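**Student:** Sequence positions in the sequence shown follow the numbering used here and run 214 to 619.
Have a look at this one before I ask anything.
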Amino acid sequence: MPKALYQVPIHDHVPRLLETIGYPKRPNLGDKDGFSLCWGRFQEELSQRPLFDGQVVAALRRQGAIVLKLGTIEEQVTPTPEQRRVGNDHVTAVSDYLSLAVAVQLVLLLPDDVCNVHSFEQLYGGRLLTDIIPQTVHKTFDGKQRKIDHTKDAEDMMRLHADDADHVLRSPLQLLTCIKNVKRTESVFALIPPDSTLGKYDIDSRTLRRDIYEHAPPASLVDLKDRPPRRPVLFGPADAPSIQADKKGTKASEGPEKSKADEALTSLFSFLEKEENLCRVVLGPGDVLVLDNLRTLHGRAALQPVPRREDRRWVKRLWLSSTTMEPLLSKCSTSAHPRVFDRNKAFWSSTEMKHPQLAAAACNRDSEGGPEMAFFRAPEGLLAMALCNWQPAACMALDMALLKPY
Numbered sequence: 214m215p216k217a218l219y220q221v222p223i224h225d226h227v228p229r230l231l232e233t234i235g236y237p238k239r240p241n242l243g244d245k246d247g248f249s250l251c252w253g254r255f256q257e258e259l260s261q262r263p264l265f266d267g268q269v270v271a272a273l274r275r276q277g278a279i280v281l282k283l284g285t286i287e288e289q290v291t292p293t294p295e296q297r298r299v300g301n302d303h304v305t306a307v308s309d310y311l312s313l314a315v316a317v318q319l320v321l322l323l324p325d326d327v328c329n330v331h332s333f334e335q336l337y338g339g340r341l342l343t344d345i346i347p348q349t350v351h352k353t354f355d356g357k358q359r360k361i362d363h364t365k366d367a368e369d370m371m372r373l374h375a376d377d378a379d380h381v382l383r384s385p386l387q388l389l390t391c392i393k394n395v396k397r398t399e400s401v402f403a404l405i406p407p408d409s410t411l412g413k414y415d416i417d418s419r420t421l422r423r424d425i426y427e428h429a430p431p432a433s434l435v436d437l438k439d440r441p442p443r444r445p446v447l448f449g450p451a452d453a454p455s456i457q458a459d460k461k462g463t464k465a466s467e468g469p470e471k472s473k474a475d476e477a478l479t480s481l482f483s484f485l486e487k488e489e490n491l492c493r494v495v496l497g498p499g500d501v502l503v504l505d506n507l508r509t510l511h512g513r514a515a516l517q518p519v520p521r522r523e524d525r526r527w528v529k530r531l532w533l534s535s536t537t538m539e540p541l542l543s544k545c546s547t548s549a550h551p552r553v554f555d556r557n558k559a560f561w562s563s564t565e566m567k568h569p570q571l572a573a574a575a576c577n578r579d580s581e582g583g584p585e586m587a588f589f590r591a592p593e594g595l596l597a598m599a600l601c602n603w604q605p606a607a608c609m610a611l612d613m614a615l616l617k618p619y
C-alpha cells in the first residue's frame, strides 16, 4: 500500500471555474435548472481546458485514491452544521461547485466508467453533496441512537467499508471534499491486493469469491422482508480484484460452509487493518479525496474532542454514477431532481445480481422473454456480454471474462 498518495494542486483553476458558472451568482445545484446549467458549463469548459490529465487517472487506478488540492475555500471559517442537512435547498457553496467540477472532469476522462453524479432520496432527503460530520444524535448501523458531546467525548475509528456495499448499483468513485479538520483526523483506506498476494497470507480468495455472504443494508434504510441476498465479497480479475464489504454489515451466510466463509472474511479484514496495509491521509480544507469505491475499503481514524462544537470535522461526499449501470439506476428515479433516485427501489431491483460487474452486464429481454446481447464499452475495448437469464453457469463464465474495472 502506498504511504504517500498522488497529490495534484488545482487551486489555480478555481477562479475560472467560478467564472464559468457566472459566480458570484449562485445557481442551486439542488434544483434541476441550476444543476443542468453548472454541469453543462463545466463540461464545455473542461473539455477544452482540463483540470488534470491521464497521469492523474493512472495514479487513481494504481493507488485506489488521489488527493486534489483546491486551496482555501469560504466555508472553512463557517460553523460546522449541527446535523447533516436534509434536502437540496441551498446547495450553493463554492465547495459544492468545485466538487461538481472535479466530478465533470472525471466523467470526461473516464466516460466508460462514470457518467454523472447521484444521491438517494432516503439519505438526507437526497441531498446531492452529503455532509459527513460527527452528529449529536448518532444513529448506528443497526438503527440504535446515542448522543455524543463532541467537546468532551471521543468517537471510535470508523470501520473499513465500501459505501453502499449492500447493493450493486453503488457508486464506483466518490469524492470527499474537506471543509474543516481542526484535529487533523486521518482518512484511512486499504486497496485490495491481487489474489496471489492474499494467498501468501493464507487468505482464501476462492471462498471470498463465492456467493455465500450476506451484505445487510443499514436498518434505517431498508426493511428486509427476508435475509439479504447472497453475494461474494471479492469479484473481478484476480490481479486487480474488486470488493463489496462492510465490516459491520457483511457476514457469512448460514450453511455447511459458514465456518470456512467466516474464517476467510475475518482473515481478510485482519490483513487489511494491519498498519502496513493501510494508507492514511490528513485532509485539509479544500482537499478532495477521490476514492475508488470498488477497489478499496475506507474509514477514518478516531475523532478527538474539539474545543467548540462548530469546529467538528466536516467533509462533503459526492457519488459518481456508473456508466454501464446508468440504465438500471435511471429506472429508480422518483425525484424532481434528475440525479436523485430511490435507494430502496435500487436495492430490490438488483437483489438477483451478484456484484456490480455482473449488474453492468444486465441486458433487456426481448418480447418472447429470451436473453439479448448487450454491448458495453470497456476501457480496453468493446466487451460483448450475454446474460442468460442469470443462470449460475452463465454468470460464472461471464465473471471470468470480465476486464479490469478501470
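Glycine included, every Cβ here is placed at the ideal spot set by N, Cα and C.
Remember, predicted model here, so these are calculated numbers, not experimental data.
Among Leu242, Ser563, Val320, Thr390, which residue has its Cα nearest to the Cα of Gly267?
**Tutor:** Counted from its first residue, the sequence shown places residue 267 at position 54. Comparing Cα-Cα distances from Gly267 to each of Leu242, Ser563, Val320, Thr390, the minimum goes to Val320.
**Student:** Does the distance from the C-beta atom of Pro347 to that of Glu523 stay below 8 Å?
**Tutor:** Here residue 347 refers to the residue found at position 134 when the sequence shown is read from its first residue. Here residue 523 refers to the residue found at position 310 when the sequence shown is read from its first residue. Cβ atoms of Pro347 and Glu523: not closer than 8 Å.
**Student:** Could you say which of Pro385, Glu258, Ser384, Ser400 lies nearest to Cys391 if we only look at CA atoms?
**Tutor:** Numbered from its first residue, the sequence shown carries residue 391 at position 178. That would be Ser400, whose Cα lies nearest to the Cα of Cys391.
**Student:** What is the DSSP secondary structure of Arg419, reduced to helix, strand or coil?
**Tutor:** As a first step, residue 419 must be located in the sequence shown, where it is residue number 206. In the structure shown, Arg419 sits in a helix (DSSP, three-state: H, G or I).
**Student:** If you follow the alpha helix (DSSP H) that Ala316 is in, where does it begin and where does it stop?
**Tutor:** For the purposes of this step, residue 316 is taken as residue 103 along the sequence shown, with counting starting at 1. Its alpha helix (DSSP H) spans residues 307 to 322.
**Student:** Taking all protein chains shown into account, do 16 or more other C-beta atoms lie within 10 angstroms of the C-beta of Gly171, making it buried, or fewer, making it exposed?
**Tutor:** The question about residue 171 has no answer, for the chain in this structure spans 214 to 619.
**Student:** Taking contact to mean at least 3 C-beta pairs separated by less than 8 Å, is the region 357 to 375 in contact with the region 504 to 518?
**Tutor:** Touching, yes, given that three or more Cβ pairs across the two stretches are closer than 8 Å.
**Student:** Quick one, which of Gly253, Leu231, Gln276, Gly243 has its alpha-carbon nearest Tyr219's?
**Tutor:** Indexing the sequence shown from 1 puts residue 219 at position 6. Of the candidates Gly253, Leu231, Gln276, Gly243, the one whose C-alpha sits nearest the C-alpha of Tyr219 is Gln276.
**Student:** Can you check which of these residues, Lys282, Leu421, Asn557, Phe255, is closest to Leu434 by C-alpha distance?
**Tutor:** Here residue 434 refers to the residue found at position 221 when the sequence shown is read from its first residue. Among Lys282, Leu421, Asn557, Phe255, the Cα nearest to that of Leu434 is on Asn557.
**Student:** Is Pro551 helix, strand or coil by DSSP?
**Tutor:** Taking the first residue of the sequence shown as 1, we reach residue 551 at position 338. Pro551 falls in the coil class under three-state DSSP.
**Student:** Using the Cα positions of Leu411 and Val446, report the straight-line distance between them to the nearest angstrom.
**Tutor:** Along the sequence shown, one-based indexing puts residue 411 at 198. Along the sequence shown, one-based indexing puts residue 446 at 233. Going by the C-alpha atoms only, they are around 13 Å apart.
**Student:** Assign Val265 to one of three DSSP states: helix, strand, or coil.
**Tutor:** Your numbering for residue 265 matches position 52 in the sequence shown. With the sequence shown as reference, residue 265 is identified as Phe, and Val is not the correct amino acid for it. Coil.
**Student:** Please classify Met613 as buried or exposed, where buried requires at least 16 neighbouring CB atoms within 10 angstroms.
**Tutor:** On the sequence shown, residue 613 is found 400 positions in, with the first residue counted as 1. Interpretation of Met613 is limited by its pLDDT of 41, a score under 50 that renders its predicted location unreliable; the figure taken from the coordinates is listed afterwards. Exposed, by the Cβ-count rule.
**Student:** Looking at the unbroken beta strand (DSSP E) that takes in Arg556, where does it start and where does it end?
**Tutor:** Taking the sequence shown and counting its residues from 1, the one referred to as residue 556 is at position 343. Not the beta strand (DSSP E): Arg556 falls in the alpha helix (DSSP H), residues 556 to 562.
**Student:** Residues in the same chain with beta-carbon distance under 7 Å from Asp309, minus the five sequence neighbours each way, listed in chain order, please.
**Tutor:** Your numbering for residue 309 matches position 96 in the sequence shown. Closer than 7 Å at Cβ, skipping near neighbours: Leu242, Leu342.
**Student:** Going by DSSP, what residues sit across from Gly512 in a beta bridge?
**Tutor:** Residue numbering aside, residue 512 sits at position 299 when the sequence shown is read from its first letter. According to DSSP, which records beta bridges pairwise, Gly512 is partnered with Val401.
**Student:** Got a sec? Which residues, its chain only, sit under 6 Å from Pro520 by beta carbon, not counting five neighbours each side?
**Tutor:** On the sequence shown, residue 520 is found 307 positions in, with the first residue counted as 1. Same-chain partners within the cutoff: there are none.
**Student:** Is it buried or exposed for Tyr414, if we count other Cβ within 10 angstroms and need 16 for buried?
**Tutor:** On the sequence shown, position 201 is the one that residue 414 refers to. Label assigned to Tyr414: exposed.
**Student:** Classify Lys365 as buried or exposed, calling it buried when 16 or more other Cβ atoms lie within 10 Å of its own Cβ.
**Tutor:** Locating residue 365 in the sequence shown gives position 152, where the first residue counts as 1. Flag for Lys365 reads exposed.
**Student:** Going by CA-CA distance only, name the one from Asn506, Glu257, Cys328, Thr233 that's closest to Asp459.
**Tutor:** By 1-based counting over the sequence shown, the position of residue 459 is 246. That would be Asn506, whose Cα lies nearest to the Cα of Asp459.
**Student:** Tell me the DSSP secondary structure of Cys251 in three-state form.
**Tutor:** As a first step, residue 251 is located in the sequence shown; it is residue number 38 there, counting from the start. Three-state DSSP puts Cys251 in a helix.
**Student:** Cβ of Val503 within 8 Å of Cβ of Leu388?
**Tutor:** Residue 503 sits at position 290 when you count from the first residue of the sequence shown. Residue 388 sits at position 175 when you count from the first residue of the sequence shown. Cβ atoms of Val503 and Leu388: closer than 8 Å.
**Student:** Hey, His568 and Gln457: beta-carbon distance below 8 Å or not?
**Tutor:** On the sequence shown, residue 568 is found 355 positions in, with the first residue counted as 1. On the sequence shown, residue 457 is found 244 positions in, with the first residue counted as 1. It is a contact, given that the beta carbons lie within the stated cut-off.
**Student:** Once the 5 residues before and after Arg229 are set aside, which same chain residues still bring their CB inside 8 Å of it?
**Tutor:** Position 16 of the sequence shown holds residue 229. Only Glu258, Arg262 meet the Cβ criterion.
**Student:** Classify Ser260: buried if its beta carbon has 16 or more other beta carbons within 10 angstroms, exposed otherwise.
**Tutor:** Stepping through the sequence shown from its first residue, residue 260 is reached at position 47. Ser260 should be labelled exposed.
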